[in-house]
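Inspection log for the structure reproduced underneath, given as structure tokens.
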Amino acid sequence: MITPTVLLLVTACSPSAADAPPGLVGRQDCAALLESLRTATLARTGPLGVEGSLDPSGGGPAAVAPVPADDPSAAADLPDTVELLPGGAPRALAAAGRRLFVLDGRDGSVQRRIRLPRGYETARVLSDGSRALLLTGHDPDGTGPGAPVARLLLVDLATGGTLGELRMPGVLVDARRSGPLVRVSVRALPRLDFAAPPSKDDSAWNDYAPRAVERNKDVVRDAPAEAFHPAYDVTVSGETVRHRVPCNRINRPRDDVAESVLTVFTFDLSKPLGDGAPLAVAGGHAAVHGTATSLYVAETPPGTATTRVHRIDLTPDRPLYVGSGSVVGEVLGPGGLSEHKGHLRVAVGDPGRTVGDLYVLETSGPRLDTIGRLIDVSGDSGIRAVRFLGDRAYVTTDRAKGPLPALDLSDPAHPRRLGELPFPAASTSLLPSAEGRVVAVGQPRTGRGRPQGLRVSLFGPSADGPLADLRGPGLPGARVEHDPRAYLHDPATGLTVLPTVPHAAAVLSVTPQGVTRLGTLRHRSAPITRALLVGDTLLTFSSAGVMVSDAARLKRRAWTAF
557 MITPTVLLLV
567 TACSPSAADA
577 PPGLVGRQDC
587 AALLESLRTA
597 TLARTGPLGV
607 EGSLDPSGGG
617 PAAVAPVPAD
627 DPSAAADLPD
637 TVELLPGGAP
647 RALAAAGRRL
657 FVLDGRDGSV
667 QRRIRLPRGY
677 ETARVLSDGS
687 RALLLTGHDP
697 DGTGPGAPVA
707 RLLLVDLATG
717 GTLGELRMPG
727 VLVDARRSGP
737 LVRVSVRALP
747 RLDFAAPPSK
757 DDSAWNDYAP
767 RAVERNKDVV
777 RDAPAEAFHP
787 AYDVTVSGET
797 VRHRVPCNRI
807 NRPRDDVAES
817 VLTVFTFDLS
827 KPLGDGAPLA
837 VAGGHAAVHG
847 TATSLYVAET
857 PPGTATTRVH
867 RIDLTPDRPL
877 YVGSGSVVGE
887 VLGPGGLSEH
897 KGHLRVAVGD
907 PGRTVGDLYV
917 LETSGPRLDT
927 IGRLIDVSGD
937 SGIRAVRFLG
947 DRAYVTTDRA
957 KGPLPALDLS
967 DPAHPRRLGE
977 LPFPAASTSL
987 LPSAEGRVVA
997 VGQPRTGRGR
1007 PQGLRVSLFG
1017 PSADGPLADL
1027 RGPGLPGARV
1037 EHDPRAYLHD
1047 PATGLTVLPT
1057 VPHAAAVLSV
1067 TPQGVTRLGT
1077 LRHRSAPITR
1087 ALLVGDTLLT
1097 FSSAGVMVSD
1107 AARLKRRAWT
1117 AF
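Numbering follows our numbering, in which position 246 of the sequence shown is assigned residue number 802; successive positions increment by one, without gaps.
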């Protein structure tokens, strides 16, 4: 635990303790914004265009909101391929291929089959029960990895009709639903017409590259202002309208320039699609974290060791920028940010060291102030990721073997090390259970790195040791190790479903009294990816269809092919 004296000494020596942390400038004129974006773009222009351009593989549909919400009070739903609809008779939604299925939650029968346009083969869905918003980062025009396109499609579940579509060049970063309101974040670079480089051998390339840099910089200098402002098309009833984010809705760093822009849209699923009431933030965005009420944008300026964190309040009408703070280090991806009980926890790694730190920030007027910090949370090992679960956090390290550090964050001003989970660090997924307990899923490995089969353990809040443990070579690797949403756990009964490879799902009972294997469910032709529990009915999903089983006896009741 850090004493107040040490904390003051640390923050006084760190950029995060500046008296006036870098904030954002809003309501600026278009000329100032254009100069900032153009200057930043020129600094990163190379022979192939803008260096570090958007990569769909890092922000495509599979990367939308990859970490489950760790705070139930956030009340924000995340997009997924299946969803249990609220209210009335149990119904489920499943997106598979270019179709959206409305299913009876009791027998899996299809109530409505909705055909989706080309480009929505890997879509995820958010719904309020009457309408659904399909989200994808697919590039439908085949223009290559340099031109990702974020697409949103609003569908009426009662009629199957399309109510509108939004298309925006950029990468889909985050999406959250709270009631009828959906917030969607899209990151975009300037739209510049760089010439495609010729396919030549190395010697020709060495001659071509220097000239290409100058030509590309001329393209940036001559590009109109519209090329730097986020633009998107909204199509309703066959009519397409081009929208641009107004200059006074784009916030940029006060003392820096940035070439990419993160646009936050707000949609009310009960209303027409509209323009999304956009609010944008310019910066080198490292991670985004959203709750039902707030959105946090972390951005790390190139060549610095400081990450700036900006808070946006998600008001019902239009998002509003609140304030900013900063921490030292780079945020560990989307999972490195977590808001809990009004405090933002930020896990960072330092590229120049083998350790990581954890900050706790609190909003104070226009600032996000550091009120607590824990140094070197992973000890002498590199920090790979942090999993926040309420008042606890668990650290995945670079150690192939060895325990997982556990942190106590119940006192935001004094985060402390709680102990270590005696569980192998490699290939580990940590998942929420009831009453502060955590389920750990992973594969212990031999000294030569060979997997020894799946291990499932239940740990209590004290992290003293497993309350229950199941291990054995009979359980293969679980999908949840790389896809946290592939996890069903019912705290009331302990029923747990872990989709495994290749086409099965292990059904377990996970309670404080023990972890036992109840059986295995299989789909013949495709991997099981998701499961839903509806009363005493268990639904398991794959791209081939949905299987309905008795949750107690695991006896198959029905099969519906997609």
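Every residue, glycine too, gets a C-beta built ideally from N, C-alpha and C.
By the neighbour-count definition (other C-beta atoms within 10 Å, threshold 16), residue 667 is an exposed residue. When the five nearest sequence neighbours on each side are left out, the beta carbons in the same chain lying within less than 6 angstroms of the beta carbon of residue 1023 are those of 1014, 1016, 1068, in order along the chain.
Judged by their CB atoms, residue 967 and residue 928 are nearer to each other than the 9 angstroms cut-off. With a cut-off of 8 angstroms on Cβ pairs, the region 771-779 is not in contact with the region 723-732, counting fewer than three such pairs.
Secondary structure remark: continuous beta strand (DSSP E) runs of at least 3 residues inside the region 715-787, in chain order: 718-725, 727-734, 737-744.
DSSP lists 961 as the beta-bridge partner residues of residue 976. Residue range 638-641 is occupied by the beta strand (DSSP E) that includes residue 640. Counting along the chain, the unbroken beta strand (DSSP E) around residue 692 starts and ends at 687-692. The C-beta separation of residue 632 from residue 734 comes to about 5 angstroms, placing the pair in contact by the 8 angstroms criterion.
Between the alpha carbons of residue 828 and residue 685 lies a gap of roughly 16 angstroms. Taking all protein chains in view, the Cβ of residue 1008 is surrounded by fewer than 16 other Cβ atoms within 10 Å, so the residue is classified as exposed.
A check of alpha carbon separations from residue 1059 across 711, 656, 1086 identifies 1086 as the nearest.
A check of alpha carbon separations from residue 1116 across 1108, 601, 1103 identifies 1103 as the nearest. For the pair residue 738 and residue 634, the Cα-to-Cα distance works out to about 10 angstroms.
Residue 664 is a Cβ neighbour of residue 1095, given a cutoff of 9 angstroms. Between the alpha carbons of residue 846 and residue 1083 lies a distance of about 30 angstroms. Distance from the CA of residue 891 to the CA of residue 771, rounded to the nearest whole angstrom, comes to 39 angstroms. Take residue 1070, set aside five residues on each side of it, and the residues of its chain with a beta-carbon closer than 6 angstroms to its own are 1024, in chain order. Residue 1038 counts as exposed, since fewer than 16 other C-beta atoms from the protein chains shown sit within 10 angstroms of its C-beta.
Straight-line measurement puts the Cα of residue 1044 at about 20 angstroms from the Cα of residue 657. Per DSSP, the unbroken beta strand (DSSP E) holding residue 851 starts and ends at 850-855. For residue 788, the CB contacts under 7 angstroms within the same chain, skipping 5 residues up- and downstream, are 722, 723, 724, 799 in chain order. Annotation for residue 1114: the continuous beta strand (DSSP E) segment containing it runs 1112-1117.
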